[in-house]
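Numbering (my numbering), first residue to last: 53 to 119. What follows is a set of notes on a single structure, which appears directly below.
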């Protein structure tokens with residue numbers, strides 16, 4: 053199975069989702085709430101989609117790797 057190649061913008065959004073899920077888990081464990089915490093998830097999806105558009109319109113490799 054080939055791994056999914058992400059550009060920098062997409063990587064940031066995936067990291068944001070993972071961090072948000074972990075933070076929400078800790079909030080749940082400590083019985084705390086943050087108003088409109090759910091709004092982070094559509095924001096991360098929007099950032100991921102922006103990264104996808106950048107990748108499509110600028111080419112597959114947004115990150116510059118020098119070998």
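Every residue gets a Cβ at the ideal spot worked out from N, C-alpha and C, and that includes glycine. Fair warning: this is a prediction, and the values are worked out from it, not measured in the lab.
Check: Would residue 76 pass as a contact of residue 100 if the rule is Cβ separation under 9 Å?
Finding: Within the chain shown, numbered from 1, the residue matching residue 76 stands at position 24. Within the chain shown, numbered from 1, the residue matching residue 100 stands at position 48. It is not a contact, given that the beta carbons lie outside the stated cut-off.
Check: Relative to the alpha-carbon of residue 69, which residue among 91, 104, 57 has its alpha-carbon at the smallest distance?
Finding: As a position in the chain shown, residue 69 is number 17, starting the count at 1. When each option's Cα is compared against that of residue 69, the closest is 91.
Checklist line | residue 66 - DSSP class collapsed to helix/strand/coil | finding: Counting from 1 along the chain shown, the entry for residue 66 is found at position 14. If DSSP states are grouped into helix, strand and coil, residue 66 belongs with the helices.
Notebook entry, point to check: residue 86 and residue 65: beta carbons closer than 9 Å?
Noted result: In the chain shown, counting from the first residue as 1, residue 86 sits at position 34. In the chain shown, counting from the first residue as 1, residue 65 sits at position 13. For residue 86 and residue 65, no; Cβs fall outside 9 Å.
Margin query: Which same chain residues end up closer than 6 Å to residue 167 when comparing Cβ atoms and leaving out the 5 residues on each side of it in sequence?
Written below: Because residue 167 is not part of the residues shown, which for the chain are 53 to 119, the question remains open.
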